[in-house]
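Engineer:
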Amino acid sequence: MLDYVHDSPPIKKEVLLIGYESVGKSGLFRKLTGEKNALSSNIKGSTISALKASCRLDRNIRLTDLPGLQLGTDSRSTQLTLDHLQGEETLLLVVKAATLKEELTDLQSELNLKGREVAIVATHRDKYLPSQAEQNRVRDLLQVPVVWVNTREMAEMKQEEVITCIGNAQAWGAAKSILHFLPSSPHDVNQLIPVFRVPIAGPMLACSFIFAMFALPVFGAFLFASWLEPATERYLLVPITSWIDHAPPVLANILIGDYGLITLGSYSFLWAFPVVILISIMTTLTEEIGIQEHLTNALDPWLRKVGLRGRDLLPVITGFGCNVVAVFQSRSCSSCTRVSCVSLIAFGSACSYQIGATLSIFNAAHAPLLFIPYLLILFIVGAIHTRLWNRNEANELVHIPSLPYIQKINWRAFRWKVSGAVKQFLVQAMPIFLLICLIASLLQAIGVLAIFSWLVMPLLHLFSLPSDAAPGLVFSLIRKDGLLVLNEGQGSLLMDMSVSQIFICVYLASTLSACLVTLFTIGRELGWKTSLSIGWKQMLTSVVSAAILASGLYFL
Amino acid sequence: MNKIYDVIIVGAGPSGIGVAAILQKMKVSYLILEKEDIGATFSRWPKEMKFITPSFPAQGFGQTDLNAVVPKTSPAYTLDMEHPPGEAYTEYLNVVANHFAIPIKKGVQVNRINKKDSIFSIDTSKGFYQSRYVVWAGGEYQYPELTPFPGADLGVHNSLVPSWEKLDGDDFIIIGGYESGMDAAYQLGKLGKKVTVIARTNTWELDNSNPSIALSVYTYNRVRQLFDSDLLKVAGNTAVTNIEEKASGYDVYTNDGEVYFTPVRPILATGFKGSTTLIENLVTRGKHGGVLVNETDESVDTPGLFLAGSELRHDSHIFCYIYKFRQRFAIVAEAIGQRLNSDLSILEMYKQENFYLNDLSMCGEMCQC
Ligand SMILES: Cc1cc2nc3c(=O)[nH]c(=O)nc-3n(C[C@H](O)[C@H](O)[C@H](O)COP(=O)(O)OP(=O)(O)OC[C@H]3O[C@@H](n4cnc5c(N)ncnc54)[C@H](O)[C@@H]3O)c2cc1C
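The listed protein sequences derive, respectively, from chains A and B.
Heads up: the first sequence is residues 2 to 557, going by this note's numbering.
Heads up: the second sequence is residues 5 to 373, going by this note's numbering.
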C-alpha cells in the first residue's frame, strides 16, 4: 500500500505524448529529445508509428510519441494510440492553447484518463497565451500541472519547465462536468482560411491550388530537363557512346544498347530526378506551412461525393511523392474510408517517379503537352474508380477537426525531408532502375525478351500496340519509372508509334497496377486479400477506361 | 398562521437560497424556513476545512463560478478566495440573500410535514405553516450517521469537530476514507499529529484493474504528500465492527480481527443520513438508498414535494457538489412555476449560464462526482 515511499535510485519515467493531430506533438518530442531521426520517420504532421527517446535534459524521462488522434474517428493510428494507453505510463497531453477546452473535453471522453498520472502542455502560445489568472484557473480546475509553450521556439528554460511539469504530473480526476468550467476558446475552433470557406469558389480555389502544387514542379522540371537534355546529349552521351562503341559487344550492349544502363539511365537522371526533387520540395513546403489540411478541408464536401473525406486526400497528395509512404499515411484515415483512400492512391496518385518518366516519354515523343490531359484523366478516372468500387458513404463527421495554423517554415525540418527524398532516389530508385535495364539487356541478349510480349499479348492486341512496348508495360508493374524503358533504342520505339498509341500505352503502364512495393505494402497494411482485390479492380478499371479512351482517340 | 404560501422552502443553505432566487424573479409567494441562520452548515465546518471545488471570479471566462448558487455571482469575487473556508462561504450566501431580498424565517426548525387536500402543513418549532408546494433543502451535513456500528457513540463525528487544531491528543484514529475522513487526516497530519485511517474502500489508491480514484483530486493530491511521512498510516479494505472504551483510551475492532488502540476518541467520518430522514412519511427510497423522484425532482410519493441539494439522486447520477445540483434549481422552479402560471422568462438566463440540466440520459457513468 505504502509503496509510494521509495528512496531507491531514480526510476525511469515513461511518458506517452497524447494529443490530436497537428497540435505540435512531434515538434515537442523533437525539441525535448533532440532526436533527429524523428524528422525523417515522421510523415506529414502525423506520426504513423510510435517513437521512443529520452529527454535531452533528463535522461530518466523517456518519451514516446504516438500517432495523433483524430476527433471522432476510428482510424488505425487512433487505435494504435488507444492500444498504448493500457499501460501505467505518465501521460503528457498535448493540446493547442486556443482550443484547450475542446481538446481536453474530447480526450477525456475518448480515453480513460481517470487515475492516470497526467501533465499538460498547451502548444502554440504564440497564437494564444491566456492571462495568468486564466492559467491558474485551468491548473486549479484540473489539478494537474499545465505549461504553455511554443514548440518552435523552446529555449532551454522552457524545456526545463516542461520537464518539471512532467515530473509533477498528478492523478487525473477531473470529471466531465468540471472540464465544462474551463475557459472557453477565444475563437472559432475550425479556423479554415477564410477564402476557402466561400461556397463553390473556395473548393475551386483549393482544387487549383492542389493542381498547381504538382503542375508547377512538373513544369519546372520540364523546363530544366529540356534545357539540359541537348547539352548532356552533345557533351556527355555522344562522346561516351562513341567511346564505348569500341568495347566488346556484350558490354557495349549493356551500357548503351536498346536498354543500356547509360542510355536509359540518363533519362531517369534527367527526367525523374528533377521531378522527384521539385515535388518533394513543394509538398514539404506546403506541409510545413500547414496549408495542406486547409486545402483538403475545403474540398471535403466534394470528396464526400466519391466516398472520401477531405482529410483522406492528404495521403493522396503524399502519394504524388511516393505511394508506399502514402499507404502508410492512410492509417490516419477513418477505417471505413481507408480502403477507398488506398485504392485512390494506387490508381490516381502518380508518384513523382511515374510523373518524371511520363514527362520524359511525352517529351521524347515531341508532345510534352500531353501531360496535362494525362494528369486530368488520371484524376477523373481515379475519382470514378473510387466511387464505383467503394459504395460505402463516408460517415458523417461529428467533429470538425481543428486545423493547423498557417505558420513559418521550419527550415531544419524542411532540409531533412527533402534530403530524405534525394537519398531515397539515389540509394533505392536509381539502383533498382539500373537493375531493370540490366535485366532487359540480358534478356534481350539471350533472346527471351519476347516472353514479355507474350505476357501482355492480349493488351497489345486489344490496343494495337507494337510488341516492343511490352517491356515498358511489364517493368512499370515493378516500378513506375520502369515506364522509362519505353525510351528504348534511343527513342526508336516511340518514333514508330502514333501519339494516340503512346498516350494509351503510357496510360496503361501507369494505371494497370500499382507498383509492386505499393501492392506489397497494401498487403501488409490491409491484408493480402484486400491488396489482391484492390489490384484486380484497378486492372479492370484501367483496361476498361483505356478501351474507352482508345476508341475515342483512335476514332479521331 | 392562516396564510397559505405557494411555496415553502426548508433550509437556507446553497440549495434553499438558490431555488429562492429564481422563485423571487418569478414573483411566486414563498418563504424559507431555516432552523438557525443562513448557511448554518458552513458555519459548522471545521475551521480548517475549505472548498474542494475552486472558486473563480469567473465572469472573465464566460462561466459562472463553480461554487455560485445564482448565475453571474461569484463567491471568489465576493470573498476574494479560491478555496473558501465554510465561514467565508456563509458570507457569500448572506450577500446573495440580501441582494435578492429573500424572505427567510430564521430559528424555525421544521419537525414534520403532512399533506392533506393538496395543502402541506408544516409543523415547526414555531407553530404551523401552510403551502401548496414544498422544496426540501435541508441538506445532509447536520444529519450525520452517528451509529454505524456498536460503540460508535464513543467516537466523535467529524461534522461535530469545530476545529482540528483544538483537538487534544497526538495519536488519532479516523474511521472512513472519503472526503471528510481524508480531509481530517490531512488537517491532523499537517499539525504534526499521528493518524491512522481505517477505511472500507481504498479511496486513495490507484487501482489499475479499475482505474478510478474515489477521492477528489484536490484532496488526493494533498494527502498524498502525507503518505511519504510516517505520520499517516492507512488500513485499507477494512471495516470497523465496534469500539470499546478502555482505561487509557479506546480499542477499535475491525473485521479482519485486528484491534487498533487510540488514547483519544476515534473520529467518525462515516458519512451522513441526510435531512430527508425527517420526511420519511412523504417519500420512498430506491435501491440506491436515495429518495425516489420524477424527472422534475418531485417525490414520486407526494406530488408537490420537491427535493433540492446533494441528497438528490437519479439512478447512477449523483449531485454531490454545488456546481452539479445547482443545475436542478431551475428545473424545480420551472415545474412549480408552470403549475402556478408564473412568469418563466428568468429561466432563459439560467439556460444560457449552464444552470439548467434537464437531460440526464446522456451522462452514463460520467455522472459520478
Ligand atoms: C468535507 C466536505 C467537503 C465539501 N466540499 C464541497 C466543495 O468543495 N464544493 C461543493 O460544491 N460542495 C462541497 N461539499 C458539499 C456541500 O457542503 C453541500 O453540497 C452543501 O452544503 C449542500 O447544500 P444544501 O443547501 O443542500 O444543504 P446545507 O448546506 O446543509 O443547508 C441546509 C440548511 O437547512 C437547514 N436545515 C436543516 N434541517 C432543517 C430543518 N429541519 N428545519 C429548518 N432548517 C433546516 C440547515 O440549518 C442549513 O442551513 C462538501 C461537503 C463535505 C462534507
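No residue lacks a Cβ here, since even glycine has one placed at the ideal position from N, Cα and C.
1. Given 7 Å as the limit, tell me if S303/B has its C-beta closer than that to any heavy atom belonging to ligand 2.
2. Taking the DSSP output, what are the residues bridged to K53/A?
3. Mind checking if M2/A is an interface residue toward chain B, Cβ cutoff 8 Å exclusive?
4. Could you check if S213/B is buried or exposed, using at least 16 other CB atoms within 10 Å of its CB as the buried criterion?
5. Taking only the alpha-carbon atoms, compute the straight-line gap between A202/A and Y81/B and give it to the nearest angstrom.
6. Between Q113/B and ligand 1, is the CB less than 7 Å from at least one heavy atom?
7. Using the C-alpha atoms, what's the distance from V304/B back to K29/B?
8. Following a CB-centred definition, is E38/B positioned closer than 7 Å to any heavy atom of ligand 1?
9. Who are the near neighbours of T94/B in its chain, counting only those whose CB is closer than 6 Å to its CB and skipping five residues on each side?
10. L19/B: which of A105/B, A141/B and L192/B sits nearest, CA to CA?
11. Please report the Cβ distance between L238/A and S267/A, rounded to the nearest whole angstrom; I am assuming they are in contact, meaning their Cβ atoms lie under 8 Å.
12. For V457/A, does the three-state DSSP call read helix, strand or coil?
13. Considering only DSSP beta bridges, list what N118/B is partnered with.
14. Counting only C-beta atoms, is P58/B closer than 8 Å to chain A at any point?
15. Confirm, please, whether the CB-CB distance from G155/B to A273/B is below 8 Å.
16. Name the chain B residues whose beta carbon is nearer than 7 Å to that of G174/A?
17. Using DSSP with H/G/I as helix, E/B as strand and the rest coil, what is T57/B?
18. Considering only C-alpha positions, which residue in the set S220/B, I179/B, D187/B and D234/B is nearest to K198/B?
19. Answer yes or no: do V256/B and F153/B have a C-beta to C-beta separation smaller than 8 Å?
20. Under the assumption that T207/B contacts L192/B (Cβ atoms under 8 Å), give the Cβ distance between them as a whole number of angstroms.
21. Got a sec: does ligand 1 put a non-hydrogen atom nearer than 7 Å to the Cβ of G143/B?
22. With DSSP collapsed to three states, give me the class of L348/B.
23. With 8 Å set as the bound, which would you pick, yes or no: does the beta-carbon of K45/A sit closer than that to a beta-carbon of chain B?
24. Taking 8 Å as the CB-CB cut-off, is D141/A touching chain B?
25. Could you work out which residue in A337/B, Q331/B and N241/B is closest to S346/B when comparing CA atoms only?
26. Taking the alpha carbon of A347/A as the point to measure from, which residue in L314/A, A358/A and N254/A has its own alpha carbon closest?
27. From W272/A to F556/A, what distance separates their C-alpha atoms?
28. Along the chain, where does the alpha helix (DSSP H) that runs through S493/A open and close?
29. Going by DSSP in three states, Q152/B sits in which element: helix, strand or coil?
30. What's the gap between the Cα of P58/B and the Cα of L29/A?
31. Does Q330/A pass the burial test, meaning 16 or more other C-beta atoms within 10 Å, or should it be called exposed?
32. What in chain B is Cβ-close to Q133/A, meaning under 7 Å?
33. Alpha carbon to alpha carbon, how far is E294/A from S23/A? Give it in angstroms, no decimals.
34. Residues in its own chain within less than 7 Å of W173/A by CB, not counting five upstream and five downstream?
35. Which full runs of the beta strand (DSSP E) of 3+ residues lie inside the segment 78–116 of chain B, going along the chain?
Structural biologist: According to the structure shown:
1. Among the ligands present in this structure, namely ligand 1, ligand 2 is not found.
2. T65/A
3. Only weak support exists for where M2/A lies, its pLDDT of 38 falling under 50; the coordinates are left without a value.
4. Unreliable placement is indicated for S213/B, whose pLDDT of 40 sits below 50; the coordinate value is still reported in the next sentence. Its Cβ having fewer than 16 others within 10 Å, S213/B is exposed.
5. 50 Å
6. yes
7. 27 Å
8. yes
9. G43, F46 and S47
10. Inspection of the sequence shows that residue 19/B is occupied by Ser rather than by Leu. The residue with the shortest Cα to Cα distance from S19/B is A141/B.
11. 6 Å
12. coil
13. S125/B
14. yes
15. no
16. I217, S220, V221 and Y224
17. coil
18. D234/B
19. no
20. Incorrect: roughly 17 Å between the Cβ atoms, too far for contact.
21. yes
22. coil
23. Annotation note: pLDDT 43 at K45/A (below 50); position unreliable, coordinate value reported separately. By this cut-off, K45/A is not an interface position.
24. yes
25. A337/B
26. L314/A
27. 32 Å
28. E489 to D497
29. Just to set this straight, residue 152/B is Pro in the shown sequence, not Gln. Coil, per DSSP.
30. 31 Å
31. buried
32. Under the 7 Å cutoff, chain B gives no residues; its nearest Cβ is about 12 Å from Q133/A.
33. 10 Å
34. L114, K115, G116, R117, V119 and V145
35. 108–110
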